[in-house]
Amino acid sequence: MIRTLPLPLPGPLVDAHRIDLSALYSTGWGVDAFDVTAAPSGEIYALYGVHRYTWNVGDDERDPAVANFGYRLLTRYSPDGVPLATALCCPAYRNGLGEAESAVANGDRMTLAVLPDGALAVSAHPDRTTLIAPDLSSVLRAYDAPGRQAFEEFVPGDPFAGSLTVTPSGRLLCVTSEYGVHRYGSCIANIVGVADDPLTADAKPTVRAIASLDPAPAHQTEDDLRPHVRHHGEPVGLDNRPRPSLTELLTPDTDRWRWDQSKLGRPAALSDETFVVPVFARTFRAGSRGQPFVFALVDDQGEMTGRLHGLHEYRDSPFTGFCFNVVADPHRHRAFHLNRYGLYAWNADGRLRARLDTTTKAFKPLTRFTLTACTPAGELLLVHGKQHLVLAVPVPDELGDLPAAVENALRAYARQRTALKKQWAPTDWHWVASDLPVHRL
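The sequence shown: position 339 = 572 (this note's numbering), numbered continuously.
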């Protein structure tokens, strides 16, 4: 079923900070979507943020109508797309309301995953994972640790993973960080691993490392060993990690610097045993279109068995707009990617089965969307960056029918968007919900 869901701002929050919803984002405020995912029950969870920063407002400002602020918001929807509850977490600045702490571990590149027991996992780099009750009412457990920084004293913690993906059998596909990757003095995503046991509020499982990005991070010490991430039965760190690394497998003899300072994307589960691991070359300030990238197929033993084929480094570049998400449907063994040049679909063998060209009139609206997930029911979840709406697109059984299905979904999106505007009366595509339950985490 095609559905369109708004990303609502809680009315009490808008009123407390007197947010001018009609103001341009260039004035220092904005709303940004981070991730959207779905539970097997059909419920949908969205993670997004709202912030305001004014350069001449001090950190000690006590008036919430003037003070700088920032929040991460989690919203839960019913299977038919009705918002049920919202949670506020990770407040930034003092915000004038006396809130500066959160039970949710904050960090970069926050993502969502629904665990087999129904708990919502919110992950962030470096290796910060928070478990939240399915109804968003409370935090069950936060696995958190400060990332090590050069020239700073090491502070131990209790980390888990920077991102999680759940396979059909309940395994966890994880990404963890290491210090010294590409010789940087910080923690960067470097390890892909699999956890066979459940992650709960009472215990975290051991992550078995199956692939690495940088084979030899620099300047590591015994402090950098992660006991819960193991390779050959020993903690990952120092000289112990999967080899050959992804960069070693991808680097041609003619260009040994081709993958230097590359980055690891969020892996997707194509099945219980096969995963899509995105690797992107370094980005440049002047533009990176044409830089190499690979969507590698890696099995649960760490062997690179192939890749997703059919993409041209320049004509299909994900670097334009930084469209780095790859999602997969492990129940039907399909993978999908959306960037500024097209929507792509592959089968389990990595063969390209559909390409929807965004230069055509029918699919040009896709350039405004970001692909975030494929639901257990086989729907693609796309987020419109300007209109703050989520579109659920059912994928047909035959990938050859995908163009017609997406074209139909885009037409339905226009109709449903109009209906939502009449119901919600948004201001410049900002949707305010005054009667939605709000939990403060």
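Ideal Cβ positions, reconstructed from N, Cα and C, are used throughout, including at glycine. Model, not experiment: these values are computed from the prediction.
| Query | Result |
| --- | --- |
| Cβ pair GLY263, HIS250 closer than 9 Å | no |
| Counted within 10 angstroms of its Cβ, other Cβ atoms place GLN620 as buried (16 or more) or exposed | buried |
| Identity of the residue in ARG381, VAL527, ASP661 nearest SER419 by Cα | ARG381 |
| Cβ pair ARG567, THR600 closer than 9 Å | no |
| Member of GLY340, PRO324, ALA519, ASP341 whose CA lies at the smallest distance from the CA of GLU334 | PRO324 |
| Where TYR646 falls: helix, strand or coil (DSSP) | helix |
| As assigned by DSSP and simplified to three states, the class of LEU497 | strand |
| CA nearest to the CA of ALA637, picked from GLY539, ARG650, PHE596 | PHE596 |
| ARG586 to TRP579 span [Cα, whole Å] | 5 Å |
| For THR344, the first and last residue of its enclosing alpha helix (DSSP H) | Not the alpha helix (DSSP H): THR344 falls in the beta strand (DSSP E), residues 341–347. |
| ARG489, DSSP secondary structure in three states | coil |
| Whether THR238 touches TYR304 by CB criterion (9 Å) | Looking at the sequence shown, residue 238 is not Thr but Leu. Cβ distance not < 9 Å, so LEU238 and TYR304 don't count as in contact. |
| Collapsed DSSP secondary structure at PRO431 in the structure displayed | coil |
| Among ASP360, GLY275, ALA271, the one whose alpha carbon lies nearest that of GLU751 | In this structure the chain extends from 234 to 674, so residue 751 is not present and cannot be described. |
| Those runs of the beta strand (DSSP E) which lie wholly inside the segment 587–666 and span at least 3 residues | 602–607, 612–617, 622–627, 664–666 |
| Euclidean distance between Cα positions of GLU657 and ALA434 | Sequence inspection shows Trp at residue 657; the Glu mentioned does not correspond to that position. Looking at the two C-alpha atoms, the distance is approximately 38 Å. |
| Reduced DSSP secondary structure (H/G/I, E/B, other) of TYR417 | coil |
| Residue interval of the alpha helix (DSSP H) (run including GLU411) | That residue, GLU411, is in no alpha helix (DSSP H); its beta strand (DSSP E) goes 405–412. |
| GLY282, DSSP secondary structure in three states | strand |
| Range of the contiguous alpha helix (DSSP H) that encloses GLY291 | Premise fails: GLY291 is in no alpha helix (DSSP H) and is neither H nor E. |
| CB contact flag (VAL623, VAL247, <9 Å) | no |
| Span separating the alpha-carbon of ALA366 from that of TYR547 | 43 Å |
| Beta-carbon proximity list for GLY351, same chain, < 6 Å, skipping 5 on both sides | PRO367 |
| DSSP bridge partner residues for ILE252 (one or two, in chain order) | The partner list for ILE252 (beta bridge, DSSP) is empty, contrary to what the question assumes. |
| Inter-residue Cα distance where the pair is PRO273 and LEU613 | 14 Å |
| Beta-carbon spacing of HIS663, ALA320 below 9 Å | no |
| Reference SER445, options LEU458, ASN473, ASP429, closest by Cα | ASN473 |
| Through-space distance from ASP447 to PRO563, alpha-carbon basis | 27 Å |
| Sequence-distant residues of the same chain with beta carbon closer than 6 Å to THR454, five excluded per side | none |
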